[in-house]
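Engineer:
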Ligand SMILES: Cc1cc2nc3c(=O)[nH]c(=O)nc-3n(C[C@H](O)[C@H](O)[C@H](O)COP(=O)(O)OP(=O)(O)OC[C@H]3O[C@@H](n4cnc5c(N)ncnc54)[C@H](O)[C@@H]3O)c2cc1C
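In the working numbering, the protein residues as written are 5 to 414.
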């Protein structure tokens, strides 16, 4: 078969390699002047290419439509991915949280081995070329229209694998424009929404703490009164609001409607202590200097940047001597430390979202082949499908697995 793969990101490159392995004649079309522009940025330039957890745990880390990925993950699972990259000449290592990285610590090594394999497999790679239309006859693929160096022409093929990404980090090429092509073909789409994205808040007491990283805290994220996420780990205060692993994960569990209802992040700054234990700890700290000002008594309990804001919220005069602080005031302090609340006003949008939620509806794709249920010979792979995962290498695993399965053009 003549197979045209659209999009030279991880999903597209893997699909092209897999299609060539299945003895097809493969053309890979990428609008950028190089392959894997977003892949280059992944893992802060180190590329967390997968996760070494037991295969079943991959599903626990997929937020949207995990069951859809059953065949794809079992066709090429995380161990299979590491093995495949090993065969292609990429040495890998496993770090904290089972995250797998190239031993070189450079995402370019991942791109290099893929490029080498595309070349070896005889894939015709066309850069600076954009697919502008997908052509069908009788609900079967007949070709694509490409724009190469400003001129449009058609390219006949028997199968098209769409791997054009979502809408996040649009400067890397995944600007979502190919969803319009699919809409024209009547493919069912789910509205796109930024996920794994930092939260904004307009409270200057919060934004003035920029640079403060909190480790070992527990957060509870509520939409109105409903808890949408709770987790333990690390978070970061920034000039616009909140970021860091816990916040990115939380964002993946919020819906657009949650922002209208009002999202609140409540931080338990001392999750290891019960309210009673915390009160005893505060009393011990106060006892170390009975005549100290309240503001000078919290240094062992809290990071410096947080102290002023906590004091303000307690309503206790910062110069009040600790031996004059009442039981009621101490309980108020405990309450704040166990539930430091921050109102979220929005998120940083697609420009800063690690991943896109939404895209091609999984209900319109055959999960055991990645083929469209309505158009024969049209396949999908990667982030453009309505499935997304948490950080840790799981999103790239989705790209490798769906790309590999789509490439078989079954
Ligand atoms: C900053 C950042 C860091 C990340 N780090 C990690 C990480 O460490 N681990 C992890 O698992 N995930 C990570 N991700 C997520 C991961 O990058 C994506 O899941 C992955 O890139 C999706 O692959 P894809 O091939 O589906 O799409 P993309 O990588 O977006 O590739 C799509 C390609 O299609 C091309 N294209 C689009 N339309 C057309 C067209 N009409 N014609 C021709 N070409 C077209 C685009 O130019 C683009 O190159 C990160 C994301 C970001 C933004």
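By construction, the Cβ of each residue, glycine as well, lies at the ideal position given by its N, Cα and C atoms.
For a test of the three-state rule: what should DSSP assign to residue 82, helix, strand or coil?
Structural biologist: helix
Engineer: Check whether the Cβ of residue 51 lies closer than 7 Å to any heavy atom of ligand 1, and answer yes or no.
Structural biologist: yes
Engineer: Under the assumption that residue 268 contacts residue 201 (Cβ atoms under 8 Å), give the Cβ distance between them as a whole number of angstroms.
Structural biologist: Residue 268 to residue 201, Cβ: 17 Å. No contact.
Engineer: Whole angstroms is fine: what's the gap from residue 403's alpha carbon to residue 375's?
Structural biologist: 15 Å
Engineer: Of the choices 211, 277, 251, 134, whose alpha-carbon is the least far from that of residue 203?
Structural biologist: 251
Engineer: Please state whether DSSP places residue 291 in a helix, a strand or coil.
Structural biologist: helix
Engineer: Whole angstroms is fine: what's the gap from residue 198's alpha carbon to residue 359's?
Structural biologist: 6 Å
Engineer: Please state the DSSP three-state secondary structure of residue 338.
Structural biologist: Three-state result, residue 338: helix.
Engineer: In terms of DSSP beta bridges, what is residue 151 paired with?
Structural biologist: Bridge pairing for residue 151: 134, 156 [DSSP].
Engineer: Could you please give the first and the last residue of the uninterrupted beta strand (DSSP E) stretch that includes residue 412?
Structural biologist: Element bounds for residue 412: n/a, residue is neither H nor E.
Engineer: Out of 144, 140, 117, 166, point me to the one whose CA is closest to residue 93's CA.
Structural biologist: 117
Engineer: Less than 8 Å between the beta carbons of residue 397 and residue 53, yes or no?
Structural biologist: Yes, the Cβ-Cβ distance between residue 397 and residue 53 is below 8 Å.
Engineer: How long is the line joining the alpha carbons of residue 320 and residue 289, rounded to whole angstroms?
Structural biologist: 17 Å
Engineer: Got a sec, what are the start and stop residues for the alpha helix (DSSP H) residue 49 sits in?
Structural biologist: Where residue 49 is concerned, the enclosing alpha helix (DSSP H) stretches over 41-49.
Engineer: Report back the beta-carbon spacing between residue 56 and residue 109 to the nearest angstrom; my notes put them in contact at under 8 Å.
Structural biologist: Their Cβ separation, rounded to whole angstroms, is 17 Å, which puts residue 56 and residue 109 out of contact at 8 Å.
Engineer: Hey, residue 363 and residue 189 are a contact pair by Cβ (cut 8 Å); roughly how many whole angstroms apart?
Structural biologist: Not a contact, Cβ separation roughly 14 Å.
Engineer: Ends of the alpha helix (DSSP H) at residue 308?
Structural biologist: 308-318
Engineer: Comparing C-alpha positions only, which one of 391, 352, 39, 381 sits nearest to residue 411?
Structural biologist: 381
Engineer: Starting from residue 6, trace the beta strand (DSSP E) both ways and give me its first and last residue.
Structural biologist: 6-10
Engineer: Short check: CB of residue 149 to CB of residue 136, under 8 Å?
Structural biologist: yes
Engineer: Closer than 6 Å by C-beta to residue 10: which residues in its own chain qualify, once you throw out the five before and the five after it? Chain order, please.
Structural biologist: 33, 135, 166, 168
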